[in-house]
Structure formats: C-alpha cells, structure tokens
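Let me begin by presenting the structure, written as structure tokens, before commenting on it.
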Amino acid sequence: MLSKFENKKIVIITNSKGAELTSMRLKGDDTEYIWQADANYWGRHAPVLFPIVGRLKDNRYIYGGNTYKLNQHGFARDKDFDIMDKSDTSILYVLKSNAETKEVYPFDFELKIKYEICENRVMIRYYVLNTGLEDMYFSIGAHPGFNCPLHADKKLEDCYIEFDNPETINTSIFKEGTILDMRPAFKNTSVISLSKD
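Residue numbers for the sequence shown follow this note's numbering, so the first one is 423 and each next one is one higher.
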C-alpha cells in the first residue's frame with residue numbers, strides 16, 4: 423500500500439511492501455529524486471536490507487547446528503510491513519518475526535522503520551528489537567537509488583556526493599559476491615565526483 427506525505431516543501435511516497443521510499447520531490451520544481459525502478463536497469467527504489475547486507479556464500483549459513491538459506495540482502499525488502507503509526511508528515515512501519523521469517527532467520531525480532539518529513543529533509547530511522555532471549559546477529563542497510571543526473575541538460579559527471587565532514591572510505595574487493603579484501607578508495611575526502619567508471 424502506498425502512502426503519501428507532504429509539507430510546504432517536500433512530498434514523499436512510501437510503500438508498505440518493504441517499507442520502501444518510492445518517491446521524493448521538492449515542491450515547486452517537481453524533480454523526482456528517487457530512482458523509479460526501471461526494471462531494464464534496476465527494479466527497485468530504495469530497499470531496506472535486513473537481516474543481512476550483502477550475499478552469503480551459496481546463500482547459506484549455519485547457526486545452532488542448522489543450515490539456513492538466506493538470499494542476498496535478506497528478506498525485509500520483499501515483506502509486507504504493518505503501519506504502526508501515521509500522521510500528515512510521518513509513518514512508522516513494523517515487521518515482526520513469524521514462522522516464515524524463522525525458516526530463513528531463526529530469531530525473534532521487530533524491525534521498525536520511520537519516515538518523517540522535516541522542512542526540506544526526510545529523516546529515516548531504523549529500530550531493531552530483539553524480542554527473543556538469545557543473542558541476535560544481524561546487519562541493516564539502506565540501498566537508495568537516486569536519479570542522476572536530475573535534469574536532461576546535465577550529465578553524470580556534473581553530479582557528486584558531499585559529506586558534512588571529510589571521510590575515509592574503504593571499498594570492498596569482491597569475487598562471486600564474496601568480499602576478498604578492503605582497500606582505501608578515498609582518504610579524508612568530503613566530495614566524491616560521480617562517473618561511469
């Protein structure tokens with residue numbers, strides 16, 4: 423189910439399937455910032471990755487003597503979330519463990535995701551609650567797709583990512599979906615220019 427929220431500056435749309443942000447536009451210029459899931463390239467908008475980020479070798483892991491099959495990036499992005507709370511400018515989604523999730527991830531949990539519009543920003547908060555008695559192993563990630571460039575008169579090389587503070591970024595070296603090594607990609611950098619390379 424799609425839900426639309428807006429204030430005087432911004433309009434967003436979220437989907438209860440995967441608790442995914444599917445649209446973000448500033449009022450006045452109507453530019454779509456979120457990738458619109460063109461299946462010819464990538465058929466998603468901004469999936470939530472849980473309970474793993476990345477891929478397991480052969481999509482399998484062993485826990486407590488049992489072998490489980492868990493696909494790349496986990497299952498949250500494909501599950502229907504319930505709406506816990508909703509206002510004119512925010513929504514809170516929840517996904518709870520059940521028999522189906524326990525077939526691939528044997529832990530009791532609640533995953534809550536809140537989207538809230540604040541001025542011209544979208545605040546996204548992730549809450550992971552272990553509702554069981556044993557330690558729960560997980561990772562969570564955001565995988566937003568952005569339209570780049572935003573306008574037809576621009577090119578990708580005009581785009582960049584800017585951080586509030588200088589960052590050192592390591593990149594993973596992969597082979598067949600498995601991380602082999604980490605290498606520095608940028609050191610003490612606050613702006614990363616984009617290119618097709």
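Glycine included, C-beta positions come from ideal geometry on N, C-alpha and C.
Asked, Found
"What whole-angstrom Cβ distance do Arg-499 and Gly-440 have, given they're in contact under 8 Å?", "4 Å"
"According to DSSP, simplified to helix, strand and coil, what is Lys-534?", "strand"
"Is it the case that the segment 562–572 contacts the segment 591–607, given that we only count it when at least three CB pairs across the two stretches are under 8 Å?", "no"
"To the nearest angstrom, how far is the alpha carbon of His-495 from that of Ile-562?", "9 Å"
"When you compare only the Cα positions, how much space is there between Asn-488 and Arg-466?", "32 Å"
"Compute the distance between the beta-carbons of Tyr-537 and Ile-434, then report whether it is under 8 Å.", "yes"
"Whole angstroms is fine: what's the gap from Lys-426's alpha carbon to Cys-540's?", "15 Å"
"Please identify the residue among Leu-471, Val-613, Thr-523 whose C-alpha is closest to the C-alpha of Pro-588.", "Val-613"
"Quick check: the Cα distance between Glu-556 and Phe-529, rounded to an integer number of angstroms?", "8 Å"
"Using the Cβ count rule (16 or more neighbours within 10 Å means buried), how would you classify Met-446?", "buried"
"Determine the direct distance from the alpha carbon of Lys-576 to that of Ile-513, and round the result to whole angstroms.", "34 Å"
"Would the beta-carbon of Asp-507 fall within 8 Å of that of Ser-438?", "no"
"Using 8 Å as the threshold, is the C-beta distance between Leu-572 and Thr-453 below it?", "yes"
"Please list the segments of the beta strand (DSSP E) lying wholly inside the segment 495–571, counting only runs of 3 or more residues, in order along the chain.", "504–508, 512–518, 531–540, 543–552"
"Just to confirm my understanding: we take Leu-578, look at its own chain, exclude 5 residues before and 5 after, and list those with CB closer than 7 Å. What are they?", "Cys-570, Pro-571, Leu-616, Ser-617, Lys-618"
"According to DSSP, simplified to helix, strand and coil, what is Glu-579?", "helix"
"How would you call Phe-585, buried or exposed, if buried means at least 16 neighbouring beta carbons within 10 angstroms?", "exposed"
"Would you give the residue range spanned by the beta strand (DSSP E) that Arg-482 belongs to?", "482–485"
"Output the boundary residues of the beta strand (DSSP E) element that contains Met-604.", "600–615"
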